[in-house]
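Undergrad: Numbering (my numbering), first residue to last: 5 to 157.
Starting off with a structure, shown below.
Right, dumping it as structure tokens:
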């Protein structure tokens, strides 16, 4: 009986740890990619805190893809170089656009504060499910999307 329990335990243990080499490599690559993405975002944030909210970072098999917008050619070059400088990056696909009218950190902070004030005002309204209304603000203009129980709200 004891030998049978040991045999079952060994079989279960080997089944639990028998990931194929490719499965182990995929898991390691996924962790590496997540780490690289975090490092790239951190480096971009040191360039300009506003830029990190305007730039998307995706990593697959150690290839970084940058998207979004930056306010100047100089910042564009700095963001791409920051991504390339992260240890483990194989290459960088640059899909960034230079947009001189991209919002600054101050403008983004102002929009976020305005958005928060509108959300708070909605939450204080009787009969309004604030979670059913999406609030966004851009350049000081507020947009609302969702549903309310009637027109008077």
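Idealized CB from N, CA, C, for every residue including glycine.
Fair warning: this is a prediction, and the values are worked out from it, not measured in the lab.
Quickly, what does DSSP pair residue 68 with across the bridge? List them, please.
TA: 63, 96
Undergrad: My assumption, with CB atoms under 8 Å, is that residue 74 sits in contact with residue 102. Please give the rounded CB distance.
TA: 6 Å
Undergrad: Could you please give the first and the last residue of the uninterrupted alpha helix (DSSP H) stretch that includes residue 106?
TA: Note, residue 106: premise wrong, no alpha helix (DSSP H); not H, not E.
Undergrad: Return the Cβ separation of residue 91 and residue 47 in integer angstroms, given the expectation that the two are a contact with Cβ distance under 8 Å.
TA: About 11 Å separates the two Cβ atoms, so there is no contact after all.
Undergrad: Give me the Cβ distance between residue 66 and residue 98, rounded to the nearest whole Å; I'm assuming they're in contact under 8 Å.
TA: With 8 Å as the limit, residue 66 and residue 98 do not qualify as a contact, their Cβ atoms being about 16 Å apart.
Undergrad: Ignore the nearest five residues each way along the sequence and tell me which others in residue 132's own chain have a CB closer than 8 Å to its CB.
TA: 126, 152, 153, 157
Undergrad: Might you give, ordered along the chain, the residues of its own chain that have their beta carbon closer than 8 Å to the beta carbon of residue 84, omitting 5 neighbours on each side?
TA: 70, 96, 98, 100.
Undergrad: Taking residue 54 and residue 109 to be in contact with their CB atoms under 8 Å, please state how far apart those CB atoms are, rounded to whole angstroms.
TA: Residue 54 to residue 109, Cβ: 3 Å. Contact.
Undergrad: Using only alpha-carbon positions, find the residue among 107, 93, 77, 134 that is nearest to residue 56.
TA: 107
Undergrad: Span of the beta strand (DSSP E) holding residue 57?
TA: Counting along the chain, residue 57 sits inside no beta strand (DSSP E); it lies in the alpha helix (DSSP H) bounded by residues 55 to 58.
Undergrad: Can you find the residues in the same chain that come closer than 6 Å, C-beta to C-beta, to residue 62, ignoring five residues on each side of it along the sequence?
TA: Correct list, in chain order: 69.
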